[in-house]
Amino acid sequence: MTLAELLSACDELRATALQEVAGAGSIDAWTDLRTALVGRKGGRVTHLMAALPGLPAEERRSAGAAINALKQAVEAALDAREAELRAAAGGGPALDLTMPGRTAWRGSRHPVTLVIDEITEIFRELGFTVALGPEAETEWYNFGALNFPADHPAMDMHDTLYLGPGTVLRTHTSPVQVRTMQRWNPPIRVLAPGNVYRRDFFDATHAPAFAQIEGLAIDEGISFADLKATLTHFAKRFYGATTRTRFGPSFFPFTEPSAQMDVEIDLGDGRGLRWVEIMGTGLVHPAVIEAAGLDSQRYSGWAFGMGPARIAMSRYGIPDIRLLYDSDVRFLEQFA
Ligand code: PHE
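Each residue of the sequence shown is one higher than the last, beginning at 5 in our numbering.
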């Protein structure tokens with residue numbers, strides 16, 4: 005066969021093949037036709053390849069290209085006809101029973117939510133209900149009613165995000181203490197989880213917005229012993245019955261005395277048991293009780309505040325607080 009003969013054979017075969025493909029009336033006929041045209045052995049297109057070695061070397065390239073173009077045109081026509089036949093037969097694409105199934109995607113609760121829920125549950129058993137307050141708060145609830153002096157450094161523009169004169173994004177959940185005491189008569193036992201905001205750089209250990217959990221107990225005759233017993237019970241429930249706790253001195257304008265509670269826990273970093281501060285606490289300052297409109301001679305109580313993000317980090321061995329805010333599913337699905 006000469007090159008010219010081969011090229012005209014290609015043209016001829018293209019014309020007849022496309023007609024035959026268009027005329028294939030069933031999937032069976034289509035299958036037979038496919039074998040006859042492009043089957044690896046004896047297909048009429050494949051067969052033309054056999055003429056290539058007989059051509060002079062310099063002609064083989066263009067001959068090969070012509071046969072390939074023919075093959076692609078025939079295969080495209082076959083695919084199109086197959087789709088038509090299958091659509092006519094079944095009204096949809098072929099059902100491929102070997103296709104792997106799609107597993108249902110299940111979300112999971114965020115590690116900070118898991119910690120908040122677990123803490124809320126432990127305190128719920130002790131008679132605490134959940135109280136909520138606004139994130140846009142007045143300076144008075146956030147600072148003044150909580151016995152911050154008017155020139156306290158926390159009120160500085162550098163530490164607090166102001167929304168306008170007298171209005172801030174709350175820097176802690178403690179204003180919920182005041183709102184709760186204004187609204188309900190003692191005995192009061194509430195837990196107030198919520199987001200708080202501070203003008204901090206976003207780094208491995210600080211976030212400008214983060215969750216806190218506030219606790220408040222107010223009644224007649226409540227003492228520091230109640231605080232210690234309740235919070236120690238909480239630590240043993242949350243971290244395990246053998247967990248040790250200790251209280252050390254601290255300072256907050258709204259508690260007197262103020263304390264921090266440390267728990268002895270293993271952070272999973274190979275360093276074994278270690279004392280870790282998990283909350284600020286103390287007896288509610290009489291000035292706060294009075295500011296909320298209750299009689300501080302009659303009522304006393306205690307409060308605490310803790311950061312569930314920090315607690316989630318120590319509990320799950322999370323090295324960087326930003327992981328909790330990145331919304332990376334690969335990280336979050338580990339808590340499913
Ligand atoms: N509001 C304090 C803080 O944000 C925590 C705290 C709450 C301390 C209640 C004592 C009592 O650091």
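Backbone N, C-alpha and C define an ideal beta-carbon position, used for all residues, glycine too.
In this text, all values refer to a predicted model and were calculated from it rather than measured experimentally.
In the same chain as E86, and ignoring 5 residues on each side of it, the C-beta atoms closer than 8 Å to its own belong to I31, W34, in chain order.
When DSSP states are grouped into helix, strand and coil, I315 belongs to the helix group. When the alpha-carbon of D270 is set against those of M5, V134, L99, T246, the nearest one is in T246.
Taking the Cβ of T184 as the reference point, every heavy atom of the ligand PHE lies at 7 Å or farther away. The Cβ atoms of V42 and A81 do not sit closer than 8 Å to each other.
Contact between E260 and H289 holds, since their C-beta atoms are separated by about 5 Å, short of 8 Å. Nearest to A40 by alpha-carbon distance, out of P138, G27, G29, A21, is A21.
P179 and E139 have their C-alpha atoms roughly 10 Å apart. Within the same chain, and ignoring the five residues on either side of T184 in sequence, the residues whose Cβ sits closer than 7 Å to its Cβ are A135, I192, V194, L220. Residues of the same chain with a CB within less than 7 Å of the CB of N146, apart from the 5 flanking positions on each side, are V172, R174, T175, P179 in chain order. Taking all protein chains in view, the Cβ of P312 is crowded by 16 or more other Cβ atoms within 10 Å, so the residue is classified as buried. Distances between the C-beta of A340 and the heavy atoms of the ligand PHE are all 7 Å or more.
For a cut-off of 8 Å, the C-beta gap from S112 to A340 is around 4 Å, short enough to register as a contact. Taking 8 Å as the cut-off, the Cβ atoms of I226 and W109 do not count as close. Just measuring C-alpha positions, the residue of H210, G47, L130, E337 sitting nearest R241 is L130. Linking G309 to D223 through their CA atoms gives a straight-line distance of about 19 Å. Annotation for H156 indicates a beta carbon at 7 Å or more from all heavy atoms of the ligand PHE. Restricted to the segment 165-198, the alpha helix (DSSP H) segments that are unbroken, complete and at least 4 residues in length are 179-187, listed in chain order. The shortest C-alpha to C-alpha distance from R38 to any of P57, V78, A73, H51 is the one to V78. Ranked by Cα distance from P153, the first of A291, P323, D299, G105 is A291. The nearest non-hydrogen atom of the ligand PHE is less than 7 Å from the C-beta of F256.
With fewer than 16 neighbouring CB atoms inside 10 Å of its own CB, M103 falls in the exposed class. Put simply, the backbone Cα of F255 is about 27 Å away from that of R187. Secondary structure note for Q338: it is in no beta strand (DSSP E), with a DSSP letter that is neither H nor E. By the neighbour-count criterion, in which 16 or more other beta carbons inside 10 Å mark a residue as buried, Y243 falls on the buried side. Under the three-state reduction of DSSP output, W306 falls in the strand class.
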